[in-house]
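The block underneath contains the structure these notes are about, expressed in structure tokens.
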């Protein structure tokens with residue numbers, strides 16, 4: 001019979017959860033697990049807690065309201081080249097953007113995808129008190145995101161899961177399945193190659209800025225041109241179910257309306273046409289993209305200020321991250337760009353407009369807004385001054 005000191009520790013059991021399934025049946029601890037009901041029960045309990053925490057974390061993470069344009073462009077690249085996708089595990093910020101050869105399609109849209117996708121996590125202010133709170137991007141701000149952010153939050157959520165009864169866990173899992181719904185007019189064909197700059201210009205409505213100066217490495221390079229369609233996405237939340245789940249796990253359901261008066265909340269995102277020029281030379285990539293500002297609409301029944309405070313109060317969020325978000329000025333009109341530790345950011349000017357410059361050892365990017373249009377220039381192996389020169393040379 002197994003004694004307590006022979007039983008596996010919680011750490012060893014957690015390691016088994018992360019290991020391939022075969023490790024449990026043929027690994028060094030397999031015989032002990034087979035003969036120890038206590039360890040099997042603890043393993044099952046840890047797995048249930050981990051699954052509950054994972055489900056909760058998935059709901060706390062940014063909602064992806066549209067198909068990822070980067071993935072859509074990647075499908076185009078794979079269809080052309082028929083090359084397997086390289087592993088992205090452990091790859092840095094700029095390497096993710098530009099790393100694999102012949103992946104210009106993926107690189108070309110990454111900044112535009114970033115501009116659109118992170119709007120889901122940007123703090124939104126109370127801009128109008130009529131039908132909708134509408135959020136448009138006027139400027140950019142950077143915050144440093146710890147690469148292990150979810151790992152920092154996970155222990156807190158797992159601890160919350162341990163406090164739940166089996167019945168509460170089952171109620172949460174059932175509630176999550178019917179808590180929300182999503183619809184969109186966009187699909188994988190919403191992003192595609194264009195035949196010429198004139199076609200891209202027409203797609204944008206007649207105006208498109210093109211750089212007249214390129215870094216020496218790209219001299220004479222002709223761009224691949226991609227366009228993205230306008231689209232609409234909606235996310236609908238069942239308020240009563242959401243509040244019940246949040247209360248069960250001791251999180252504040254701040255900002256949500258009274259479900260007796262407003263049973264559902266629908267948040268919509270309006271995307272405008274976009275265009276990207278993708279330059280490639282000797283395995284390096286330079287991208288230039290633009291799109292009119294997306295518009296995020298939130299019903300006035302949602303108290304966005306209270307909702308923001310509730311999100312920033314999620315247990316386990318690093319205090320330094322919360323402090324960065326709170327420090328953002330004019331947060332009602334600012335799109336927050338998450339950057340990894342080690343990247344340098346600064347506020348600059350492009351054509352008289354405020355711009356966010358991001359510099360990392362692998363390359364640099366600059367983003368700005370002027371006249372309601374969002375612009376981005378990013379280059380692998382380029383300095384901040386390189387991308388600033390490209391941005392400064394852009395003209396119609």
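In my numbering, the protein residues as written are 1 to 396. Ideal placement from N, C-alpha and C gives every residue a C-beta, glycine not left out.
Leaving out five residues before and five after residue i in sequence, what residues of the same chain have Cβ atoms less than 6 Å from its Cβ?
i	result
residue 182	235
residue 116	Per-residue confidence for residue 116 stands at a pLDDT of 39, beneath the threshold of 50, marking its modelled position as unreliable; no derived number is given.
residue 246	253
residue 377	288, 366, 387, 390 and 391
residue 192	none
residue 334	139, 141 and 328
Please report the distance separating the alpha-carbon of residue i from that of residue j.
i	j	result
residue 325	residue 351	27 Å
residue 162	residue 264	30 Å
residue 238	residue 256	10 Å
residue 166	residue 303	33 Å
residue 266	residue 284	42 Å
residue 145	residue 369	23 Å
residue 353	residue 15	51 Å
residue 327	residue 384	24 Å
residue 413	residue 379	Given a span of 1 to 396 for the chain in the structure shown, any question on residue 413 remains unanswerable.
residue 364	residue 372	23 Å
residue 12	residue 34	15 Å
residue 339	residue 313	21 Å
residue 213	residue 223	13 Å
residue 180	residue 306	21 Å
residue 271	residue 40	50 Å
residue 349	residue 158	45 Å
residue 10	residue 362	40 Å
residue 319	residue 31	44 Å
residue 416	residue 308	Only positions 1 to 396 of the chain appear in this structure, which leaves residue 416 out of reach.
residue 321	residue 155	17 Å
Please check the pair residue i and residue j, which I expect to be a contact at CB under 8 Å, by giving their CB distance rounded to whole angstroms.
i	j	result
residue 358	residue 345	5 Å
residue 367	residue 140	5 Å
residue 218	residue 278	That belief does not hold up - the Cβ atoms of residue 218 and residue 278 are roughly 11 Å apart, past 8 Å.
residue 356	residue 215	20 Å between Cβ atoms; not a contact.
residue 190	residue 231	6 Å
residue 178	residue 262	Contact flag wrong, Cβ pair sits at about 17 Å.
residue 225	residue 260	Residue 225 to residue 260, Cβ: 52 Å. No contact.
residue 360	residue 343	4 Å
Which residues does DSSP list as the beta-bridge partners of residue i?
i	result
residue 334	139
residue 347	356
residue 397	No statement about residue 397 is possible, as the shown extent of the chain runs from 1 to 396 and does not include it.
residue 222	The partner list for residue 222 (beta bridge, DSSP) is empty, contrary to what the question assumes.
residue 363	360 and 380
residue 270	232 and 295
residue 284	281
residue 289	276 and 376
residue 340	145
residue 193	226
residue 370	373
residue 211	394
Going by beta carbon distance, what residues of the same chain come within less than 8 Å of residue i, once the five residues before and after it are set aside?
i	result
residue 203	194, 227, 273 and 275
residue 403	What the structure shows of the chain is the stretch from 1 to 396, and residue 403 is not part of that stretch, so it cannot be assessed.
residue 17	43, 46, 47 and 50
residue 347	354, 355, 356 and 357
residue 28	none
residue 208	197, 200, 201, 275, 290 and 396
residue 93	Residue placement at residue 93 cannot be trusted, given a pLDDT of 45 that sits under 50; what the coordinates show is reported in the next sentence. Answer for residue 93: 339, 340, 343, 360 and 362, listed in chain order.
Check each candidate in the options and name the one with the smallest Cα separation from residue i.
i	options	result
residue 143	341, 32 and 249	341
residue 211	394, 312 and 248	394
residue 316	251, 374 and 347	251
residue 206	135, 186, 291 and 243	291
residue 310	230, 243 and 354	243
residue 229	198, 186 and 223	186
residue 396	198, 135, 360 and 296	198
residue 375	40, 176 and 137	137
In chain order, what residues of the same chain have a beta carbon less than 7 Å from the beta carbon of residue i, not counting five sequence neighbours either side?
i	result
residue 38	7
Could you tell me whether any non-hydrogen atom of the ligand ZN is closer than 7 Å to the CB of residue i?
i	result
residue 226	Of ligands this structure carries none, so the ligand ZN is not represented either.
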